[in-house]
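Asker: Take this structure, written in structure tokens, and hold onto it; I'll ask about it next.
4 protein chains.
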Amino acid sequence: MNSELQATTDAGRKFVGLAEEHGADFATRADQHDREASFPHENIKAMQESGFLAGPVPEQFGGMGVASVLDMMIGMSRLGRGCASTAIATQMHMAGAWETSRIWRGRENAPPELAAAVENVMRGIAGKQVIGCAGFTEAGTDLSAPMTEATKVDDGYAINGRKIFGTMSPAANIIFTAVRIRNGEGNLRSIAIVPLGAPGVTIHNNWDAMGMRASASHDITFEDVRVPDVSVLGGLPWGKVDANFAEMNASVNLGLISTFLGMAEAARDYAVEMTKRRKGPSGKLLAERIPIQQLIGEIEIELAAARAIVERTGRVADEYFQRNPFGTTPPDEAFEQLKQNQCMKWTVQRNAINIVDKAMTATGGSAYLAGNPLSRLYRDVRAGPFMQPFAPYEALEFIGKVTLGLDPQLDR
Amino acid sequence: MNSELQATTDAGRKFVGLAEEHGADFATRADQHDREASFPHENIKAMQESGFLAGPVPEQFGGMGVASVLDMMIGMSRLGRGCASTAIATQMHMAGAWETSRIWRGRENAPPELAAAVENVMRGIAGKQVIGCAGFTEAGTDLSAPMTEATKVDDGYAINGRKIFGTMSPAANIIFTAVRIRNGEGNLRSIAIVPLGAPGVTIHNNWDAMGMRASASHDITFEDVRVPDVSVLGGLPWGKVDANFAEMNASVNLGLISTFLGMAEAARDYAVEMTKRRKGPSGKLLAERIPIQQLIGEIEIELAAARAIVERTGRVADEYFQRNPFGTTPPDEAFEQLKQNQCMKWTVQRNAINIVDKAMTATGGSAYLAGNPLSRLYRDVRAGPFMQPFAPYEALEFIGKVTLGLDPQLDR
Amino acid sequence: MNSELQATTDAGRKFVGLAEEHGADFATRADQHDREASFPHENIKAMQESGFLAGPVPEQFGGMGVASVLDMMIGMSRLGRGCASTAIATQMHMAGAWETSRIWRGRENAPPELAAAVENVMRGIAGKQVIGCAGFTEAGTDLSAPMTEATKVDDGYAINGRKIFGTMSPAANIIFTAVRIRNGEGNLRSIAIVPLGAPGVTIHNNWDAMGMRASASHDITFEDVRVPDVSVLGGLPWGKVDANFAEMNASVNLGLISTFLGMAEAARDYAVEMTKRRKGPSGKLLAERIPIQQLIGEIEIELAAARAIVERTGRVADEYFQRNPFGTTPPDEAFEQLKQNQCMKWTVQRNAINIVDKAMTATGGSAYLAGNPLSRLYRDVRAGPFMQPFAPYEALEFIGKVTLGLDPQLDR
Amino acid sequence: MNSELQATTDAGRKFVGLAEEHGADFATRADQHDREASFPHENIKAMQESGFLAGPVPEQFGGMGVASVLDMMIGMSRLGRGCASTAIATQMHMAGAWETSRIWRGRENAPPELAAAVENVMRGIAGKQVIGCAGFTEAGTDLSAPMTEATKVDDGYAINGRKIFGTMSPAANIIFTAVRIRNGEGNLRSIAIVPLGAPGVTIHNNWDAMGMRASASHDITFEDVRVPDVSVLGGLPWGKVDANFAEMNASVNLGLISTFLGMAEAARDYAVEMTKRRKGPSGKLLAERIPIQQLIGEIEIELAAARAIVERTGRVADEYFQRNPFGTTPPDEAFEQLKQNQCMKWTVQRNAINIVDKAMTATGGSAYLAGNPLSRLYRDVRAGPFMQPFAPYEALEFIGKVTLGLDPQLDR
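Chains as they are written, first to last, in the working numbering: chain A, 1 to 412; chain B, 413 to 824; chain C, 825 to 1236; chain D, 1237 to 1648.
Okay, here's the thing in structure tokens:
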């Protein structure tokens, strides 16, 4: 595949190479985990062993030192080719690894205890002791307005609430989770780092969905879970799409959205391979029929656009992160970056859905059978538009508001 | 639902009313049968008991006497609202009931033994003793070129071959199946009526697909299955899209495609209901948000077009069938009718896919969960474009060729 | 063209036949009028002479007695095949002819002076003395909220204001125009019938647009124009999408939207003809190339959907008008009918745009030249989505609101 | 506009800056030239004066030294924002300037007389004496199969034939034109450089199209036009899509396609500006309405994808040109590059059409008037899909064939 994306740094090339190896391995078990809705613990283990999970961690702490977010995105797309569930689960961890590294690189703008905390996390990741996951989504609200409460108690905070889509949780030992802090002046939104083994944390093992069946996106509840002050990071306006909201989501989503590029590439590869092999009633190969060639042409065009927007968004993000160290981003830039990310999200996830659909049409009825990789991808890839932020219609409203110079609060 | 399609005859209204009742009942078990991939025997039984399965059979033989194909289509769309798998399985029987009734109505153009045979089938259906299914599709070929062989033996034919997509077979006792007869002057294509209990017939119970999981679309093999001469109906050119091919497929598909209208209607109803009930973080109903209203608007437009083309195609088909009794159809008219059907197939099945997709977007992430009716419909509805004739790209070529006045053989 | 729409009544068949003849004649001059932006006075004259302009007028007054709105729509679509500008201009008159006939048929629900007034108009039309046009649109507002004022004066009303899109005005002698009446209790919206020759009326001859160049859609101003009381018809709530607004727009738009079906049919016919004649570098006809066949297939599918929704909407409208004589329509039914019309508007106008676009692609670069009918149609057909009510995004909101059972006032 | 494309070299930044200045100036006259179908001689003159026309010419010959094709593409997109006709006309020259510079950079692979000839052309361009145009398209054939004949005569060649779409010809003094050379072993395809002032050359001043009206894309005929041997460059297989065909078209089209990005950006800017200024009946700005925000959001997404694929294709092309000096390109790489260009062509030109369409919808009915920039862009932008290579359906076939590893000759 000549036109696939290429990493831009040495560390990135190594990371992408590992992603390809892992992806090829995971592909062999993707069908089974999908059928059983079983979590691929062995995949996570393999990525921990190879050092892949420590990709963004600086080399001095024992990581691979991938500092380019574009390179991380390309790596995640390669993983997405193999097993979509594993890829999105892995990104739940990778986002934390990336974000802690970013905080550490901009530590002069952070309180010393935060710098120490993230260093700790990074060392844990590189030392193969820490795996993270993320708990942001809740039913009946959106990412800016968590209803899980962090209540100040003597020696820290007590956390109570219920999260959904707790992807990766069975393999993780810490969770980054969004909480609401109520105080005299109103509500604040914050992120808490909670050990998954802490008393009061329950993973409900109840993920049962149309696709992404191996992602273990279980409900997680917190009942009077105690964490120290240092584990509750900052306080931001609750219920607002502000710069911090924009920046945090930008960094989490870059890798997540990129996994859908990999799913599209896997569907395309399968379609190309099968149409070169399969014959019609006259003995003619599918690949020799002009309408099939045109379908492959349509797939390639949508793929070329998806790759291009991943690459451009990643490079723009790399410049953005370098220009704006942690804690210094002007709101306008954060909104512009989230807008660019949302343009990428729309394009990549919608094109990926179309590509899988066309690959099914090109290869014929067998694509509908349960064991066929396209039928799994068809279910997996539809998860994309549900991922926050934003739902497709919200994305249009957000992008439009930013473009028109308006306050980007959604009418919701 | 004011704008839903309405039957045009008294018999039709009774048939559609029964379909609604059955559909509402089947809806309560659709999720379970989907999860278990179990065949809804009780649904088939209920339709046999109510007389619904004898819908097209003339009243003098004990049927409901639905002679309008449009009314049959509307009934099948109502069934499709309840359980898609049951609906397509039922249509496998209904097509036979319809086609035998049509042959009987035009019996002056048919050999007496054929008239007798179809009368027999109709009496069996009305007497709740006969249920039919259809075996047309085979791997690696298309409907015009069956590779299952019917070989002349002393007292009839010996049938050997393998069919796929043997939908409804567990409940049926006869199968209408396409066979190739090789003779001195070349190959012929014919339809054989085979008792499913005959020695040598095996239903493989191997249907395992992404959707339509309760449809029992198993492989069926015939090993030296013996049938009498009268069970092999006529001989037509093998491998050709000719008038008979066009006419037969037209009548089979009219009801089948209509079931997808019902699936779209079910998705639309669910979306309307949920958005009127579900609230966002601010307490606003989803239905009160303009972008949601617009999504519902898009759904309604695609639904209005789907309904209109079902209605027009059905009425045109009714006129066509009246103008051309069995055995008298000029090739040009048969191709024009199949072209109109293919325009309907494209529009209805593609719009249904879009409608389910938009219903998911409108109602939010819960639509992705396994127990949600939309996640089942999303998988079920994608079966449409695989149904022959034709694949989407073949449909475009066929429609184009007929429109341009060319021989409609596909380049395949 | 086998699958074209067919009139349902004898009067309708005569009307549609005339429309075909007129259309074929107008087609010969469409290019010239487009280039010169000249109004086709000779076309209007010919339709007056043939009696076509009196199509909906009851036979007892000398008209053709077309009482089926579906038949009128089919006739207007035939006219649209020949010259789009003439067709939309003619509909400005035809809507008035239709609406006055409807009022007259329901005259027991109307004040006697209104019944007398509309009888007068109908006699004038049938007597080849009266041609009407419509003045509803104004800049900076929408159809429900006219800013042209009708002020009560001693012996009637004084009218002041500016209308845009005064299509057909050069040939008309009366205009049906929307006005605001301010009174003590708030604003009312009304329709005034104004002679175009009255002192104070100016047609500005300033229509200069991308397409529909021969439609004479000039600005019209009213400066202290005096009309008697009987010429100002009723008072309805200003600025509201209410049942009367819905009903009136429904009847006006049915024929207008249908003209776009004719434009699509003309583009399709041209593409079919040219691809059967034109050769590529190898000497192969365009029609013999599979991708061209597929493009024709796509065109046919979009056309089939457009025809079906015109037919269904027209038949539903005929039933609606019969069920609800003038002045008796329940609001819910009026909204439902306008919703159905908007579904038709969206489908027909968008499909027509797509069909012309694909016809251009199929026939090649010559379609881009000024003298080519497709290049004219490409410009003409884009007028559709601008026509009120509603803009496309407003249509989605309106349809959604009606479907969800909400008050259909737009957020504007 | 934060997310617009940025040049990557110093020379490129200067070139892009000039393009912006010229574009802003040209925008002020674009409407007038469109109405009059007059050629913007003053625009060409201004670009010659500023040195812009010598953009790709190496500095040592007096040019700007823009060696990055991406930077040239970005510059052409900026020009496209101002006046589409001027931009595509300019590219007819720019392609020659670029291609001669590329030949010169790879002159060790070229015959010495070719190197001398192209140096001559470049010096002429930098010296403000030479302006080029291109004559490739002919009616009834495609770019690979010119029917204009170059016949060997004693002292060179005699050229006879007719070209269409001779864009830019009124301002040019040389034309690069494709010819067929018939010899004993079959036909060859070649490019001839012909002075437009030579005896026998006629520019027919007959361009009269729907859009691009100021581009002077006249027919050009050659009647026994004599040129020396050195003006006929090489001989390649006639009628074949081979590597040279692929490479030449790649370099010509990169800048041409990029002008459509500029048209899209102009439409987007206009829509953003107008919706921030224009009010509806309630006094609310269009920009404050959520459906308008969503339309702007859709525009931004399509624009982001178009920009990304221009940027990626340009960068990939720069690497390709550096890796493969003139005359050394392996066929596979040439096909891959043309495939990537065709993916860009499809995406950019289709998105540009959609963006203009949505900008019209967002701003309302005034966009349909002749003086509105959107109505001009709507006509201009539709030229894109007609530009060879390839027509949209041919592009799909070509891309599919290359992807599937087949010989990319089209079935035509």
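By construction, the Cβ of each residue, glycine as well, lies at the ideal position given by its N, Cα and C atoms.
The structure presented is a predicted model; accordingly, all values stated were derived computationally and were not measured.
1. In whole angstroms, give me the CA-to-CA distance for A264(A) and A771(B).
2. Is the CB of R1249(D) under 8 Å away from at least one CB in chain B?
3. For W1031(C), collect the residues of the same chain with a Cβ closer than 6 Å to its Cβ; drop the 5 residues on either side in sequence, then sort them by chain order.
4. Report the option in R905(C), A835(C), D849(C), T910(C) whose CA atom is closest to the CA atom of I868(C).
5. How far does the beta strand (DSSP E) with A562(B) in it reach, from first residue to last?
6. Kindly indicate which three-state DSSP category G836(C) falls into: helix, strand or coil?
7. Can you find a C-beta in chain A that's less than 8 Å from the C-beta of G1114(C)?
8. Pick out the complete beta strand (DSSP E) segments inside the stretch 639-678 of chain B, 3 residues or longer, and give them in chain order.
9. Using a Cβ-Cβ distance under 8 Å, would M825(C) count as near chain A?
10. Any Cβ of chain B within less than 8 Å of the Cβ of T1227(C)?
11. Start and end of the alpha helix (DSSP H) containing P1431(D)?
12. Measuring alpha carbon to alpha carbon, tell me which residue in Y157(A), R102(A), I296(A) is nearest L1632(D).
13. Return yes when the Cβ of A779(B) is within less than 8 Å of the Cβ of S787(B), no when it is not.
14. Residues of chain B with a CB under 7 Å from the CB of K320(A): which are they?
15. Looking at I1456(D) and G1332(D), is the spacing between their C-beta atoms short of 8 Å?
16. Mind checking which residues open and close the alpha helix (DSSP H) that includes C1319(D)?
17. Measure the C-alpha to C-alpha separation of S1313(D) and A1486(D) and round it to an integer number of angstroms.
18. So for N372(A), helix, strand or coil by DSSP?
19. Would G1516(D) pass as an interface residue toward chain A - the criterion being a Cβ-Cβ separation below 8 Å?
20. Is M871(C) near the ligand ZN, in the sense that its beta carbon is under 7 Å from a heavy atom of that ligand?
21. Which term fits V893(C), buried or exposed, when burial requires 16 or more other beta carbons within 10 angstroms of its beta carbon?
22. In or out: T440(B) buried (at least 16 other Cβ within 10 Å) or exposed?
23. Judging by CA-CA distance, which residue of M387(A), G365(A), V381(A), Q388(A) is the nearest neighbour of P797(B)?
24. Let me check one thing: in DSSP terms, what residues is G156(A) bridge-paired to?
25. Could you say which of E1124(C), K1169(C), A913(C), P1105(C) lies nearest to F850(C) if we only look at CA atoms?
26. For a contact meaning CB atoms closer than 8 Å, what does Y805(B) contact in chain C?
27. Please name the residue in P1294(D), P1406(D), V1302(D), T1377(D) whose C-alpha comes closest to that of L1254(D).
28. Helix, strand or coil for V1049(C)? Go by DSSP, reduced to three states.
29. Give a yes or no on whether 8 Å exceeds the smallest Cβ distance from E119(A) to chain B.
30. Please name the residue in A116(A), A126(A), K128(A), T9(A) whose C-alpha comes closest to that of M73(A).
31. With a threshold of 8 Å between beta-carbons, can G1107(C) be considered close to chain B, or not?
32. Would you list the residues sitting across from N183(A) in a DSSP beta bridge?
33. Please return the same chain residues whose Cβ sits closer than 6 Å to the Cβ of I1589(D), not counting the five positions on each side in sequence.
34. How big is the Cα-Cα spacing for Y290(A) and D1647(D)?
35. Taking 8 Å as the cut-off, decide whether the C-beta atoms of I576(B) and A590(B) are in contact.
36. Can you give me the C-alpha to C-alpha distance between E1555(D) and G494(B), rounded to a whole angstrom?
Answerer: In this structure, then:
1. Taking the first residue of the first sequence as position 1, residue 264(A) is located at position 264. Taking the first residue of the second sequence as position 1, residue 771(B) is located at position 359. The alpha-carbon atoms of A264(A) and A771(B) are separated by roughly 23 Å.
2. In the fourth sequence, counting from the first residue as 1, residue 1249(D) sits at position 13. Judged by the 8 Å Cβ criterion, R1249(D) is not in contact with chain B.
3. Working through the third sequence from its first residue, we reach residue 1031(C) at position 207. Answer for W1031(C): A1040, S1041, H1042, listed in chain order.
4. On the third sequence, residue 868(C) is found 44 positions in, with the first residue counted as 1. Checking every option, the nearest Cα to that of I868(C) belongs to T910(C).
5. As a working note, residue 562(B) is residue 150 in the second sequence. Here the beta strand (DSSP E) through A562(B) covers 561-565.
6. Residue mapping note: residue 836(C) aligns to position 12 of the third sequence, counting from 1. G836(C): helix per DSSP, three-state reduction.
7. The residue given as residue 1114(C) occupies position 290 in the third sequence. The displayed chain sequence assigns Ile, not Gly, to residue 1114(C). Closer than 8 Å: yes.
8. 644-649
9. Position 1 of the third sequence, counting from 1, holds the residue named residue 825(C). Below a pLDDT of 50, predicted positions are generally treated as unreliable, and M825(C), at 41, falls in that range; the measurement from the model is reported next regardless. No, M825(C) lies away from the interface with chain A (no Cβ there is under 8 Å from its Cβ).
10. Mapped onto the third sequence, residue 1227(C) falls at position 403. With 8 Å as the cut-off, T1227(C) counts as an interface residue toward chain B.
11. Here residue 1431(D) is taken as the residue at index 195 of the fourth sequence, counted from 1. It is not in any alpha helix (DSSP H) - P1431(D) instead sits in the beta strand (DSSP E) that spans 1422-1431.
12. Position 396 of the fourth sequence holds residue 1632(D). Taking only the C-alpha atoms, the option nearest L1632(D) is I296(A).
13. For this step, residue 787(B) is matched to residue 375 along the second sequence. For this step, residue 779(B) is matched to residue 367 along the second sequence. Result yes, Cβ atoms of S787(B) and A779(B) sit closer than 8 Å.
14. Taking the first residue of the first sequence as position 1, residue 320(A) is located at position 320. The question names Lys, yet the displayed sequence has Tyr at residue 320(A). The premise fails here: Y320(A) is roughly 28 Å from chain B at the closest Cβ pair, so nothing lies under 7 Å.
15. Counted from its first residue, the fourth sequence places residue 1332(D) at position 96. Counted from its first residue, the fourth sequence places residue 1456(D) at position 220. Cβ distance not < 8 Å, so G1332(D) and I1456(D) don't count as in contact.
16. Here residue 1319(D) corresponds to residue number 83 of the fourth sequence, with the count starting at 1. Where C1319(D) is concerned, there is no enclosing alpha helix (DSSP H), given that its DSSP letter is neither H nor E.
17. Translated into positions along the fourth sequence, residue 1313(D) becomes position 77. Translated into positions along the fourth sequence, residue 1486(D) becomes position 250. Spanning the two alpha carbons is a distance of roughly 17 Å.
18. Within the first sequence, numbered from 1, the residue matching residue 372(A) stands at position 372. Coil.
19. As a first step, residue 1516(D) is located in the fourth sequence; it is residue number 280 there, counting from the start. G1516(D) does not count as touching chain A.
20. Only the bare structure without any ligand can be found here, which leaves the ligand ZN out of the picture.
21. Looking up residue 893(C) in the third sequence gives position 69. Looking at its Cβ environment, which holds 16 or more other Cβ atoms inside 10 Å, V893(C) is buried.
22. As a working note, residue 440(B) is residue 28 in the second sequence. The residue in question, T440(B), is exposed, as its Cβ has fewer than 16 Cβ neighbours within 10 Å.
23. Start at 1 with the first residue of the second sequence, and residue 797(B) comes out as number 385. For P797(B), the nearest C-alpha among the options comes from G365(A).
24. Counting from one through the first sequence, the residue named residue 156(A) turns up at place 156. G156(A) is bridged to V153(A).
25. Taking the first residue of the third sequence as 1, we reach residue 850(C) at position 26. Cα-wise, what sits closest to F850(C) is A913(C).
26. For this step, residue 805(B) is matched to residue 393 along the second sequence. Chain C residues near Y805(B): Q1118.
27. Position 18 of the fourth sequence, counted from the first residue, corresponds to residue 1254(D). Per the Cα distances, V1302(D).
28. Locating residue 1049(C) in the third sequence gives position 225, counting from the first residue. Residue state, collapsed to three classes: strand.
29. Taking the first sequence and counting its residues from 1, one reaches residue 119(A) at position 119. No, no contact with chain B.
30. The count along the first sequence starts at 1 and reaches residue 73(A) at position 73. Cα-wise, what sits closest to M73(A) is T9(A).
31. Locating residue 1107(C) in the third sequence gives position 283, counting from the first residue. With 8 Å as the cut-off, G1107(C) does not count as an interface residue toward chain B.
32. Locating residue 183(A) in the first sequence gives position 183, where the first residue counts as 1. According to DSSP, N183(A) bridges with G186(A).
33. Counted from its first residue, the fourth sequence places residue 1589(D) at position 353. Same-chain partners within the cutoff: V1617.
34. If you number the first sequence from 1, residue 290(A) lands on position 290. If you number the fourth sequence from 1, residue 1647(D) lands on position 411. One point to set straight first is that residue 290(A) is Ile, not Tyr, in the sequence displayed. Roughly 8 Å between the two C-alpha positions.
35. Within the second sequence, residue 576(B) is the residue found at index 164, counting from 1. Within the second sequence, residue 590(B) is the residue found at index 178, counting from 1. Not in contact: I576(B) and A590(B) (Cβ atoms no closer than 8 Å).
36. On the fourth sequence, residue 1555(D) is found 319 positions in, with the first residue counted as 1. On the second sequence, residue 494(B) is found 82 positions in, with the first residue counted as 1. Straight-line Cα distance between these residues: approximately 58 Å.
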